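Per the numbering used here, residue 2 is the first one in the sequence shown, and the count goes up by one each step.
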Amino acid sequence: MNGTTQAYFNKWLKNPPTGGTFLNARVYTTIDRFLQHAAKRGFAGNMLDIGCGDGSFVSYCKEKGLDAHGIDIGDGVDFETDTLPFKDNSFDFALMNSVIEHLKDPANILKETKRVLSHDGILIVITPNLDTVKFGFWDDPTHVRPYNPRNIVWMMNMFDFEKIRVGLWTVGKSSSLWDLPEDWQFQIGRFLPFTGLNKYAPGFLKGKSTTMLCALRVRK
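Here's what the structure looks like:
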């Protein structure tokens, strides 16, 4: 872990000035939708938030009835080198939200994530999409490794994760874009206006995003 990433964590993520409201609102919408589908699969409700920041999302998941745990570099863990302090097959679901793009070598954390997930466990990775963010990816000095929908799936396959879906991570409430084919989502999302969390904006406009959400399953 480099010093820039550590400084960024200490300044913004441990105690974000907005309480993480904007970022978490998007993640909360995502997890709510996931849980609706997971309930049909007998999801046990053990989850791990890798890169949990101030822990507010973990608290939210506990309110939803999940056995939720979080870990971040503030706990003294280096995702590129350290073993996660959890037993094998401890979780049914893991989340990496805005984590993987900060790691020069994600091999260790992906191996560790697979280890602590159940044999049919789900991993959701949220990261900038290089195809849409382009050179803006480097505006964040802590970004070190960019991904697009193709190379992230290729990399995940190397670590025994198979793709369920890769799609546009829309801003605000989940939109009907999620029901479109993956390629269509990214193409249409480039042209829709940014509506953020504006509750008066219609859902079908909540599409412009430079971020992708990858839903993956541990390969049996």
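Yeah, the Cβ is synthetic: ideal placement off N, Cα and C, and Gly gets one too.
Only a predicted model underlies this, so the values are computations on that prediction, with no experimental measurement involved.
Here Leu49 has His70, Phe92 and Ala95 as same chain residues with Cβ atoms under 6 Å from its own Cβ, once five neighbours each way along the sequence are excluded. Annotated as proximal: Glu102 and Thr128, with beta-carbon spacing under 8 Å.
In the DSSP annotation of this structure, the continuous segment of the beta strand (DSSP E) that includes Thr212 starts and ends at Thr212 to Val219. As computed with DSSP, Leu124 is found in a beta bridge with Ala95 and Leu217. Within a 10 Å sphere around the beta-carbon of Thr114 sit 16 or more other beta-carbons, which makes this residue buried. Only exposed fits Phe136, as fewer than 16 other CB atoms lie within 10 angstroms of its CB. For Glu64, the uninterrupted alpha helix (DSSP H) segment begins and ends at Ser57 to Glu64. Going by beta carbons, Leu131 and Pro147 fall inside the 8 Å limit. Separation of the CB atoms of Met97 and Val126 is rounded to 5 Å, and the pair is thereby assigned contact status at 8 Å. Its Cα nearest to that of Lys112, the residue Thr84 stands out among Thr212, Gly77, Thr84 and Asp73. The closest CA to that of Ile153, considering only Phe138, Asp140 and Ala216, is found on Ala216.
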